[in-house]
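Position 54 of the sequence shown, counted from 1, bears residue number 55 in this note's numbering, the numbering being contiguous throughout.
Even glycine gets a Cβ: it sits at the ideal position worked out from N, Cα and C.
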Amino acid sequence: MKSNSMITRRVFRAACLFSLVVLLTGCADTVTCTQAIQMEPVGFWYGLWHGMITPIAWIVSLFDDDTAIYAIYNNGGWYDFGFIWGIGILGVVREAT
């Protein structure tokens, strides 16, 4: 049976992780198609970030039609590379815990 301190530690970690996720999702932006045409295409770093927030963006996109999990105004290969790395980082972090 698990001790109270171990359970408390798990609850604390979960609360910290949840708080971090909520804090970081506040960094998400909304871009209309008209704005996307006029913007400079995003690259690797945005792809990395979008890959890391994919689970949250996907859940939000189920309830909000204006939310996408992938930037339409990207520069191609470098954005895709960052996006895949971002998703991969999630797997590594999850595996470590």
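Pairwise C-alpha distance: Arg-14 and Ile-88: C-alpha separation (whole angstroms): 21 Å.
Three-pair Cβ contact test at 8 Å for the region 35-49 versus the region 76-87: Segments in contact, yes.
Buried or exposed (CB count within 10 angstroms, at least 16 for buried), Ala-16: Classification of Ala-16: exposed, given that the 10 Å Cβ count is below 16.
Cross-strand partners of Asn-76 (DSSP beta bridge): Under DSSP, Asn-76 takes part in no beta bridge, so it has no partner.
Residues bridged to Val-43 (per DSSP): Looking at the DSSP assignment, Val-43 forms a beta bridge with Asn-75.
Three-state class that DSSP yields for Ser-6 in the structure shown: The DSSP-derived three-state label of Ser-6 is helix.
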